[in-house]
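Contents: one structure, followed by commentary.
Protein chains in written order, with my numbering: chain D, 1 to 100; chain H, 101 to 287.
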């Protein structure tokens, strides 16, 4: 277990999550892709913390990432609920109002 | 040696469970695959001595995925009979992009000159984190607290079926609320 191997696993998780985020049509599945990317990010930060600078202040960044994950999930559920209520749909293709 | 084996075993579980999220034919299975991936990463955090964060990830994500499974059964009408669940668009671009990102990140991870460790970890990592949060990093936690409160309010506003604006108009000046079912004192 080295910093390289930890970051390699994190890269795999981030890439799988990116595939899901880009390819899925259902809003909740897109959220799952984002969660998987954040999962990889947590592992990468934890690995860097342990192998490069195990200072207590570095762990605070992990808690901030966890908070971001919680916010993403809560707001995603709320948006999906609102979308389902208004349009009877759970697909991203029916929610392109803000697309450039 | 045992630590290395456990780490690689957990790594394989984390990545394969992550892949399974987008392969399995059921939303509930996808949720629990993601939960499994999070549990594996949480256990890897424990190997990296992140005791508090590791346990937090496992507990939080297991509950979150349980909620997600219930949520998807409630709202996502698709696939009740476990039929083929091919709900992708743009997969032709998504796959090469994600493979390219993986190769880029992997090259960075393997070939970057990572610095050697500076300092040593505290004896009690969890206690040190607590002291940090209650001391010099309190502003970060206070900020997170405000964001969480704003998230609760925003989530309720977005998900609420009928709010006071639906009942009393956009300027809240409607004398009688427009309720589908009349009733209550004076109405």
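We put the beta carbon where it would ideally sit given N, CA and C, even for glycine. Nothing here was measured: the structure is a model prediction, and the numbers come from that model.
Alpha-carbon to alpha-carbon, residue j and residue i
i	j	result
residue 152 of chain H	residue 90 of chain D	36 Å
residue 12 of chain D	residue 202 of chain H	6 Å
residue 171 of chain H	residue 80 of chain D	10 Å
residue 64 of chain D	residue 277 of chain H	42 Å
residue 73 of chain D	residue 30 of chain D	11 Å
residue 75 of chain D	residue 255 of chain H	6 Å
residue 142 of chain H	residue 200 of chain H	27 Å
residue 16 of chain D	residue 57 of chain D	29 Å
residue 9 of chain D	residue 220 of chain H	24 Å
residue 53 of chain D	residue 165 of chain H	32 Å
residue 1 of chain D	residue 45 of chain D	15 Å
residue 249 of chain H	residue 239 of chain H	15 Å
residue 270 of chain H	residue 263 of chain H	10 Å
residue 49 of chain D	residue 212 of chain H	16 Å
residue 210 of chain H	residue 51 of chain D	14 Å
residue 103 of chain H	residue 26 of chain D	38 Å
residue 251 of chain H	residue 119 of chain H	29 Å
residue 82 of chain D	residue 95 of chain D	11 Å
residue 33 of chain D	residue 273 of chain H	43 Å
residue 156 of chain H	residue 127 of chain H	24 Å
Exposure of residue i, with buried meaning 16 or more beta-carbon neighbours within 10 Å
i	result
residue 21 of chain D	buried
residue 139 of chain H	buried
residue 125 of chain H	exposed
residue 136 of chain H	buried
residue 265 of chain H	exposed
residue 47 of chain D	buried
Identified DSSP bridge partners for residue i
i	result
residue 91 of chain D	D:26
Mind listing, in chain order, the continuous alpha helix (DSSP H) runs of no fewer than 4 residues lying wholly within the stretch 104 to 156 of chain H?
127 to 147
- Item | Completely contained alpha helix (DSSP H) runs for the stretch 10 to 85 of chain D, where each covers 4 or more residues | 27 to 52
| query | Got a sec: which bits of the stretch 2 to 13 of chain D sit with their beta carbon under 9 Å from any beta carbon on chain H, in order along the chain? | reply | 2, 3, 4, 5, 6, 7, 8, 9, 10, 11, 12, 13
Mind listing which residues of the stretch 250 to 264 of chain H have their C-beta closer than 7 Å to chain D's C-betas, in chain order? 251, 254, 255, 258, 259, 261
- prompt: Residues in the stretch 131 to 144 of chain H with C-beta within 7 Å of chain D's C-beta atoms, listed in sequence order?
  reply: 134, 137, 138, 141, 144
**Message:** So if I threshold CB-CB distances at 8 Å, which residues from the stretch 219 to 233 of chain H count as touching chain D?
**Reply:** 219, 220, 221, 222, 225, 228, 229, 231, 232, 233
| request: Below 9 Å between beta carbons is the criterion; list the residues of the stretch 146 to 162 of chain H that meet it against any residue of chain D, in chain order. | output: 147, 148, 149, 150, 152, 153, 154, 156, 157, 160, 161
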